[in-house]
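Protein chains in written order, with my numbering: chain A, 203 to 486; chain B, 192 to 466.
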């Protein structure tokens with residue numbers, strides 16, 4: 203009797219509400235949340251040390267894309283990542299993570315160095331897109347992205363990509379070519395922003411939630427499409443609720459990927475990477 | 192990223208049926224004048240758009256063009272639909288109207304006797320957008336070019352990636368770039384011809400990866416759209432921004448080649464490199 207009573211009492215407790223199924227548009231909001239971990243939050247929580255290095259050796263040091271060598275447990279790696287900035291001043295300086303050609307060229311310069319000394323590369327992708335500016339065009343934004351795609355396709359060192367927030371089109375893709383593509387649970391990755399797509403195909407930017415749905419931009423969708431390899435879980439409510447747990451999950455997934463990839467020779471790695479790239483959307 | 196389409200059922204005013212307007216200098220010509228001048232503006236020398244077939248006829252030696260990969264067409268893996276309808280119907284209508292099955296026509300040919308793999312994009316096919324079929328054709332072309340030791344030449348004309356095919360259209364930027372990287376590693380040349388317009392994801396992949404990048408007078412070439420840039424930087428851009436001439440001045444184009452000289456120029460360059 204007593205036992206039965208207890209059971210009844212327990213089940214009478216307020217049931218845990220089932221997790222709300224987030225729409226693609228909900229995830230866009232989470233992915234863009236200013237409190238979401240930024241590149242330097244990831245670096246602080248994932249690396250035991252980090253030395254940032256600057257400049258493309260041509261014209262500039264782009265603050266929209268950060269690069270440097272760091273240590274993750276016992277792995278010496280090159281870190282590349284978009285930098286949205288944590289304060290208004292930083293946002294302005296880094297164009298909210300919209301990199302210039304100089305940023306992509308800095309990334310390639312240091313990736314070449316990493317290749318020479320067999321450092322794996324870890325990239326953190328979080329950008330609305332490549333910067334649409336006058337100088338960016340004059341200095342060859344298109345060429346810099348194109349070169350990056352060709353360059354990372356043939357780079358002889360393991361590359362692990364983590365889509366952490368917004369994977370905005372070509373500006374994201376330029377540092378998202380690699381052997382293992384990880385994506386955080388609430389991140390989004392798309393060929394065009396939902397607003398941009400809605401503006402063109404719906405002729406109304408307000409239709410962005412519909413466009414977000416149609417474009418299939420969430421981690422689960424992209425896993426099904428074969429565009430990414432693994433989804434990294436986020437703490438309840440999203441990465442912005444608990445940076446430590448979010449970063450710990452990322453660290454674990456990155457280390458596992460590096461250890462797997464280090465088993466391959468450079469040539470095996472390149473063949474596998476090419477086969478993966480070749481398989482994207484091959485329905486024919 | 193953007194691409195353009197005619198609104199269905201739009202009425203063509205009678206004047207438009209008779210007159211061709213140069214999109215650059217806005218001069219009016221009788222349509223026959225425009226056409227007889229090979230779609231080049233008699234006044235400002237803007238080199239207008241050509242269909243893929245017109246272009247092939249002007250570049251390939253007569254009777255040498257053998258089309259490949261025609262069965263590689265589009266894919267509606269997202270079952271994409273927007274306010275104006277579904278992607279599948281739009282692209283099927285385009286296929287029916289144009290007779291093409293993708294935004295690039297690919298084939299082997301000879302150019303003044305030089306063997307080549309030639310790809311020509313057609314802007315009238317979904318704005319020349321880069322779909323999974325387009326990317327697959329280019330990757331296969333690069334691989335066949337390696338096997339047959341042919342230089343690769345691609346005439347680009349595109350608004351960018353095809354958003355109806357979502358993330359996998361973006362991935363074609365990587366696929367084409369990786370395949371072209373392999374072609375170069377195999378010791379073969381790649382010539383990119385950026386014709387009007389070459390923008391967005393196409394400019395940010397195979398269009399800018401030529402061992403030489405060439406173009407035609409007054410072609411529009413750029414990554415981001417003019418309006419997007421002006422809204423971002425809150426400034427007016429110069430009139431010649433993102434033109435062939437502007438890009439040549441800034442060092443991203445090797446040469447602006449007139450249409451009448453294009454075939455000979457391509458042949459000559461292949462000759463320089465021993466092909």
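From the three backbone atoms N, C-alpha and C, an ideal C-beta is built for every residue, glycine too.
None of the values given here were measured: they were computed from a predicted structure.
- Closer than 8 Å to the CB of residue 310 of chain A there is not a single CB belonging to chain B.
- Cβ proximity to chain A below 8 Å picks out 273, 274 and 275 from the stretch 273–302 of chain B.
- Shown here for residue 261 of chain A: same chain residues with a beta carbon closer than 8 Å to its own, the five before and five after excluded, namely 304 and 341 in chain order.
- In the structure shown, residue 381 of chain B adopts extended strand secondary structure according to DSSP, grouped into three states.
- Remark: C-beta atoms of residue 384 of chain A and residue 434 of chain A approach each other more closely than 8 Å.
- Distance from the CA atom of residue 426 of chain A to the CA atom of residue 418 of chain A, rounded to whole angstroms, is 10 Å.
- The continuous alpha helix (DSSP H) containing residue 481 of chain A extends over residues 468–481.
- Contact check between the stretch 350–357 of chain A and the stretch 382–398 of chain A: fewer than three CB pairs, one atom from each, fall below 8 Å, which does not count as touching.
- Inter-segment contact for the stretch 216–226 of chain B and the stretch 428–439 of chain B is absent: fewer than three beta-carbon pairs are separated by less than 8 Å.
- Residue 360 of chain A is a Cβ neighbour of residue 381 of chain A, given a cutoff of 8 Å.
- Judged by their CB atoms, residue 243 of chain A and residue 449 of chain A are nearer to each other than the 8 Å cut-off.
- Within the stretch 316–358 of chain A, the alpha helix (DSSP H) runs of at least 4 residues that lie entirely inside it are, in chain order, 336–340 and 343–355.
- Per DSSP, residue 229 of chain B lies in no beta strand (DSSP E) and is assigned neither H nor E.
- Unbroken beta strand (DSSP E) runs of no fewer than 3 residues, entirely contained in the stretch 309–357 of chain B, are found at 343–349, following chain order.
- Excluding its 5 nearest sequence neighbours in each direction, residue 247 of chain B has C-beta neighbours in its own chain below 6 Å: 256 and 311, listed in chain order.
- Straight across, the Cα-Cα distance linking residue 285 of chain A with residue 258 of chain B is about 46 Å.
- Contact between residue 244 of chain B and residue 295 of chain B fails: their C-beta atoms lie close to 12 Å from each other, not under 8 Å.
- Distance from residue 400 of chain B to residue 377 of chain B at the Cβ level is roughly 15 Å; contact not present, criterion being Cβ atoms closer than 8 Å.
- For residue 434 of chain B, no chain A residue has a Cβ inside 7 Å of its Cβ, as the nearest lies near 11 Å away.
- Between residue 392 of chain B and residue 352 of chain B the beta-carbon gap is near 4 Å, inside 8 Å, which marks them as a contact.
- Going by beta carbons, residue 281 of chain B and residue 326 of chain B fall outside the 8 Å limit.
- Contact annotation: in the stretch 466–486 of chain A, residues whose CB is within less than 7 Å of a CB in chain B are 476, 479, 480, 482, 483, 484, 485 and 486.
- Taking all protein chains in view, the Cβ of residue 372 of chain B is crowded by 16 or more other Cβ atoms within 10 Å, so the residue is classified as buried.
- The C-beta of residue 356 of chain B has 16 or more other C-beta atoms within 10 Å across all chains shown, which makes the residue buried.
- Each of B:446, B:424 and B:386 was checked against the Cα of residue 240 of chain B, and the nearest Cα belongs to B:386.
- DSSP lists no beta-bridge partner residue for residue 361 of chain B.
- In chain order, 479, 480 and 482 make up the part of chain A whose C-beta sits under 7 Å from the C-beta of residue 366 of chain B.
- Classified as buried, residue 460 of chain B has 16 or more neighbouring CB atoms from the shown chains inside 10 Å of its CB.
- The C-beta separation of residue 430 of chain B from residue 374 of chain B comes to about 37 Å, leaving the pair out of contact by the 8 Å criterion.
- Close to chain A, meaning a Cβ-Cβ distance shorter than 8 Å, are the following residues of the stretch 305–331 of chain B: 323, 324, 326, 327 and 330.
- Partner residues in the beta bridge of residue 269 of chain A, as assigned by DSSP, are A:282.
- Residue pairing of residue 277 of chain B in beta bridges, as defined by DSSP: B:272.
- Between the alpha carbons of residue 390 of chain B and residue 336 of chain A lies a distance of about 15 Å.
- Listed along chain A, the residues sitting closer than 7 Å to residue 357 of chain B by beta-carbon distance are 393, 417 and 418.
- Pairing residue 451 of chain B with residue 237 of chain B, the inter-Cα distance amounts to about 13 Å.
- The CB of residue 413 of chain B comes closer than 9 Å to the CB of 339, 343 and 344 in chain A, given here in chain order.
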